[in-house]
Amino acid sequence: MLRAFAARREAGPLVTQPQLRECPGCGLFQIVPAMTANMRSDCERCGTPLRATRADPTGHCLALTFASLVLFAVLWLSMLMKVSTAGIVHETTLLSGPAELVRHGLWPLAIAVAFTTALAPLIKFAGTIYVLIGLRMRTLPPNLRGIFLISRRMGTWAMLEVLLLGVFVAYTKLGDLVTIQLGPAVYALGILTIVIVWAELALDPQAVWDEIERRGQTHAPMPAVAPLEYRAGAAGCEDCKLVCVPAEHDGRCPRCGARVHERKPDSLNRTLALVLAGVILYIPANIYPVLTVIQLGSGAPSTIMGGVEELVSSKMYPLALLVFFASVLVPLFKLIGLVSMIGATSLTGTAENAGVLLRQRTRLYFIVAWIGRWSMVDIFMESLLGALVQFGRAVTIEPGMGALAFCAVVIVTIFAAEAFDPRLMWDAAARNPHRQALPTAASRSQGRAATVSSG
Numbered sequence: 023m024l025r026a027f028a029a030r031r032e033a034g035p036l037v038t039q040p041q042l043r044e045c046p047g048c049g050l051f052q053i054v055p056a057m058t059a060n061m062r063s064d065c066e067r068c069g070t071p072l073r074a075t076r077a078d079p080t081g082h083c084l085a086l087t088f089a090s091l092v093l094f095a096v097l098w099l100s101m102l103m104k105v106s107t108a109g110i111v112h113e114t115t116l117l118s119g120p121a122e123l124v125r126h127g128l129w130p131l132a133i134a135v136a137f138t139t140a141l142a143p144l145i146k147f148a149g150t151i152y153v154l155i156g157l158r159m160r161t162l163p164p165n166l167r168g169i170f171l172i173s174r175r176m177g178t179w180a181m182l183e184v185l186l187l188g189v190f191v192a193y194t195k196l197g198d199l200v201t202i203q204l205g206p207a208v209y210a211l212g213i214l215t216i217v218i219v220w221a222e223l224a225l226d227p228q229a230v231w232d233e234i235e236r237r238g239q240t241h242a243p244m245p246a247v248a249p250l251e252y253r254a255g256a257a258g259c260e261d262c263k264l265v266c267v268p269a270e271h272d273g274r275c276p277r278c279g280a281r282v283h284e285r286k287p288d289s290l291n292r293t294l295a296l297v298l299a300g301v302i303l304y305i306p307a308n309i310y311p312v313l314t315v316i317q318l319g320s321g322a323p324s325t326i327m328g329g330v331e332e333l334v335s336s337k338m339y340p341l342a343l344l345v346f347f348a349s350v351l352v353p354l355f356k357l358i359g360l361v362s363m364i365g366a367t368s369l370t371g372t373a374e375n376a377g378v379l380l381r382q383r384t385r386l387y388f389i390v391a392w393i394g395r396w397s398m399v400d401i402f403m404e405s406l407l408g409a410l411v412q413f414g415r416a417v418t419i420e421p422g423m424g425a426l427a428f429c430a431v432v433i434v435t436i437f438a439a440e441a442f443d444p445r446l447m448w449d450a451a452a453r454n455p456h457r458q459a460l461p462t463a464a465s466r467s468q469g470r471a472a473t474v475s476s477g
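This is the structure:
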């Protein structure tokens, strides 16, 4: 492994320094070695990514985030679709969706849609631009660490790529009801989704935190040279990844100021409570109608499964499979996955039983944490349909209470995944006899260095 590291180092100049890190997946403390540009370091035990370097860790992201902000303005200020039927023409924007939900008394659903498609992305874009421009200035603007902290946290709730899928589903479902003409907002959303992914891949968040630390805008004074040896009581910050002893800084990370815990507080109980809430809400979400199509004065409420059946009867099999997967299987998969991980952590009895498929369960956790947001596609679709199809007695679509319950399921399961700490699974399997004294930096770089790959 050391020869491989040496060969890679000869390929180009080093852009990082060796750093002590705690793996967020399994809790193993290890050295992330010095790396060149466009390399990735993974945990040697569970494979969780620890660091990915870029040749230009901030410049490309800054340009792409500016482009995202422009496209975001086009998305929200221009026409989404023009729909017509029976000689009536109706133009809508994305603002029409939340407004229609409020008109039907579903204001909590309107708040959720507006936050995930407008407010959270705006905070993420504006915060990233503020920080990346600020780091290029001779005199730093205030509170770069706090703004960057918030903008990164908004990434979980900024769901424009899910909105694009919702627009596609709504467009397909409207084909038999009305005549549709796509507006500039739809094309802006398609391009914006690509640019967002590109910007995220171009950014190295650790390089930003390193620069904030180098420029001295930290929560507390930092040592001139970062220690590479484990100290009793040390823990990894979940936000900036710095390994620190929180007791020395009032329980906060000295670099970013976030609260630091050895393990997420009361993780199993909080996760279980949220999972039970999700199970309870899942029942009305599938029983109550999510929308009602009224055509020529008559219509019937439609549940989530009813919508899937309608798509099947219309021979839209790929779309039916997509809606069934996102709206039925994904929430169920998240609930079952979280319950299984809680059980494997607290009910196994012995460390040997708790150690079964540990690496696979850790990967399952990150899949569960990522995939849950895609269930919002059904909510976005219903918001758009309610705003687009308002033609009086000719044809009208009204959102139902089932959509509110379903949105609550999605949000609760996202919080449940955030509350669960996968490191507890490794603790239960006695893989972290932690907080024992670990090897020194020199020996650790030989026996416990993170795996590094190019790309």
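For the sequence shown, this note's numbering begins at 23 and goes up steadily by one. Virtual Cβ for every residue (Gly too), placed ideally from N, Cα, C.
Starting from residue 71, trace the alpha helix (DSSP H) both ways and give me its first and last residue. It is not in any alpha helix (DSSP H) - residue 71 instead sits in the beta strand (DSSP E) that spans 71-74.
Exposed or buried, residue 110, counting other C-beta atoms within 10 Å across all chains shown (16 or more means buried)? exposed
How is the alpha helix (DSSP H) around residue 194 delimited, first residue to last? 182-195
For my contact list, residue 146 and residue 177 are in at a C-beta cut-off of 8 Å; report their separation, rounded to the angstrom. 6 Å
When burial is assigned at 16 or more other CB atoms within 10 Å of the CB, is residue 227 buried or exposed? buried
Check the Cβ-Cβ distances between residue 171 and every residue of chain D, and say whether any is below 7 Å. You won't find chain D in this structure, because it holds only one protein chain.
Going by the beta-carbon positions, is the gap between residue 422 and residue 313 smaller than 7 Å? yes
Within a Cβ cutoff of 7 Å, which residues of the same chain sit near residue 296, ignoring the five residues on either side of it in sequence? 434, 437, 438 and 441
Since residue 384 is in the alpha helix (DSSP H), which residue starts that stretch and which ends it? 380-393
In terms of residues, what are the limits of the alpha helix (DSSP H) holding residue 61? No alpha helix (DSSP H) contains residue 61, which is instead part of the beta strand (DSSP E) from 61-64.
When the distance is taken between beta carbons, is residue 41 closer than 7 Å to residue 162? no
Pull up the DSSP beta-bridge partners for residue 42, would you. 53
Length of the line joining the Cα atoms of residue 350 and residue 187: 16 Å
Bridge partners for residue 112 per DSSP, in chain order? 105
Let me confirm a value: residue 362 is counted as buried when at least 16 other C-beta atoms fall within 10 Å, else exposed. Which label applies? exposed
Leaving out the 5 sequence neighbours to the left and right, which residues in its chain are closer than 7 Å to residue 323 when beta-carbon positions are compared? 311, 314 and 422
Residue 157 and residue 80 look like a contact to me (Cβ under 8 Å); what is the Cβ gap, rounded to whole Å? 7 Å
Which residues in the same chain as residue 124 place their Cβ atom closer than 7 Å to its Cβ, once the five residues preceding and following it in sequence are excluded? 132
Quick one: what does DSSP say residue 420 is sitting in, helix, strand or coil? strand
List the whole-angstrom C-beta distance separating residue 265 from residue 256, where the pair is believed to meet the contact cut-off of C-beta under 8 Å. 5 Å
Find the nearest neighbour of residue 356 within the set 369, 371, 347 and 390, judged by alpha-carbon distance. 390
By Cβ distance below 6 Å, which residues in the same chain neighbour residue 372 in space, the five residues on each side in sequence not counted? none
Here's a check: name, in chain order, each residue in its chain whose Cβ is nearer than 7 Å to the Cβ of residue 346, leaving out the five neighbours to either side. 330
Quick one: is residue 52 buried, meaning 16 or more other Cβ sit within 10 Å of its Cβ, or exposed? buried
Measure how close the beta-carbons of residue 444 and residue 258 come, nearest whole angstrom, since I'm counting them as under 8 Å. Rounded, the Cβ-Cβ distance is 13 Å, inconsistent with contact.
Does the region 94-104 come within contact of the region 392-404, defined as at least 3 CB pairs closer than 8 Å? no
Give a yes or no on whether the C-beta atoms belonging to residue 75 and residue 115 are separated by under 7 Å. no
As an exercise, report each continuous alpha helix (DSSP H) stretch of at least 4 residues that is fully enclosed by the region 297-373, in chain order. 326-335, 339-346 and 352-368
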